[in-house]
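Reading through the structure tokens given below for one structure.
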Amino acid sequence: MTFFVLHASLKHCGPFSCTNQRLASGVPRQNLVPNIPEKPLDMSEPAWIHLAFDPQCHFCWAKGVRVVEWRFRVRICGKCNKIHMTTSKPPAKDSTESLIHDMVPQRSSKKGNSTYLIRDYQAVAAKYSAITSPEDSKTFVAERKELIKHIYTHAEQCEVCAVQSF
Ligand SMILES: [Zn+2]
7 MTFFVLHASL
17 KHCGPFSCTN
27 QRLASGVPRQ
37 NLVPNIPEKP
47 LDMSEPAWIH
57 LAFDPQCHFC
67 WAKGVRVVEW
77 RFRVRICGKC
87 NKIHMTTSKP
97 PAKDSTESLI
107 HDMVPQRSSK
117 KGNSTYLIRD
127 YQAVAAKYSA
137 ITSPEDSKTF
147 VAERKELIKH
157 IYTHAEQCEV
167 CAVQSF
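Residue numbers for the sequence shown, in our numbering: 7 to 172.
The following block contains the structure:
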């Protein structure tokens with residue numbers, strides 16, 4: 007039994023927390039755990055378990071945050087949402103801001119806006135601005151775009167799984 011399965015069978019507080027209800031209906035809890043997507047390649051197992059099963063805000067540790075922002079890999083309470091997330095129109099095409107914007111996990115919002123974590127944007131902007139050679143810049147952009155694809159694909163799997171578990 008992996009740590010992940012063990013942890014999942016001991017904790018019941020994430021988007022997959024209905025395992026308790028399923029147990030009441032007679033389905034063994036551990037039979038549901040394999041439906042949970044594998045840990046993403048770029049996350050540690052403890053971080054993944056914390057995200058999937060611990061209903062705490064990742065910024066202020068408020069309890070009872072059941073919704074996971076899978077694309078951002080955080081749980082965030084309403085109060086912290088206002089501080090740490092932003093929603094804006096995408097920057098003008100062919101600008102550095104647009105390039106950075108496209109390398110940051112985000113989701114669509116109303117009126118053509120996109121929402122993302124401010125710290126994600128700042129981290130990518132800092133790394134990108136520290137690059138000095140065009141080759142390194144090209145490599146960084148390509149790697150970020152691959153990572154974003156992986157994050158979105160994995161987030162979709164998590165969203166489907168979380169919906170199915172309710
Ligand atoms: Zn919070």
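For every residue, glycine included, the Cβ atom is placed at its ideal position computed from N, Cα and C.
Host alpha helix (DSSP H) of residue i (start-end)
{"i": "T102", "result": "102–107"}
{"i": "S50", "result": "Here S50 belongs to no alpha helix (DSSP H), and DSSP marks it neither H nor E."}
Straight-line gap, residue i to residue j (C-alpha atoms, nearest Å)
{"i": "N87", "j": "H107", "result": "19 Å"}
{"i": "T159", "j": "W54", "result": "15 Å"}
{"i": "V110", "j": "K95", "result": "14 Å"}
{"i": "S135", "j": "S50", "result": "27 Å"}
{"i": "K45", "j": "K116", "result": "30 Å"}
{"i": "V166", "j": "V147", "result": "29 Å"}
{"i": "A161", "j": "W67", "result": "22 Å"}
{"i": "K17", "j": "E141", "result": "Because K17 carries a pLDDT of 44, less than 50, the predicted location of this residue cannot be relied on, and the following value inherits that uncertainty. Answer to the nearest angstrom: the Cα atoms are 46 Å apart."}
{"i": "I89", "j": "S143", "result": "30 Å"}
{"i": "E149", "j": "F65", "result": "27 Å"}
{"i": "I124", "j": "T93", "result": "9 Å"}
{"i": "D60", "j": "V73", "result": "11 Å"}
{"i": "R98", "j": "M91", "result": "The amino acid occupying residue 98 in the given sequence is Ala; Arg does not appear at that position. So the alpha carbons of these two residues sit roughly 20 Å apart."}
{"i": "A58", "j": "P43", "result": "10 Å"}
{"i": "I173", "j": "K133", "result": "Missing from the structure shown is residue 173; the chain here goes from 7 to 172 and no further."}
{"i": "H56", "j": "Y127", "result": "23 Å"}
{"i": "T145", "j": "P52", "result": "29 Å"}
{"i": "L246", "j": "L47", "result": "For the chain, the structure presents residues 7 to 172; residue 246 sits outside this window and is missing."}
{"i": "G118", "j": "H156", "result": "23 Å"}
{"i": "T121", "j": "G84", "result": "14 Å"}
{"i": "C164", "j": "S101", "result": "33 Å"}
{"i": "V130", "j": "I137", "result": "11 Å"}
C-beta atoms of residue i and residue j nearer than 7 Å
{"i": "R79", "j": "R113", "result": "no"}
Boundaries of the beta strand (DSSP E) in which residue i is found, first to last residue
{"i": "S94", "result": "91–94"}
{"i": "S139", "result": "Careful: S139 lies outside any beta strand (DSSP E) and carries neither H nor E."}
{"i": "S120", "result": "120–123"}
Assigned exposure category for residue i - 16 Cβ within 10 Å defines buried
{"i": "R252", "result": "An answer regarding residue 252 cannot be provided, because it is not within the stretch 7 to 172 covered by the chain."}
{"i": "V168", "result": "Looking at the sequence shown, residue 168 is not Val but Ala. By the neighbour-count rule (16 or more Cβ atoms within 10 Å), A168 is buried."}
{"i": "E75", "result": "buried"}
{"i": "L38", "result": "Only weak support exists for where L38 lies, its pLDDT of 49 falling under 50; the value from the coordinates is given anyway. Buried, by the Cβ-count rule."}
**Study point:** Pocket of ligand 1 defined by Cβ to heavy atom distance under 5 Å
**Key:** Spelled out in chain order, the answer is C63, F65, C66, A68, C83, C86.
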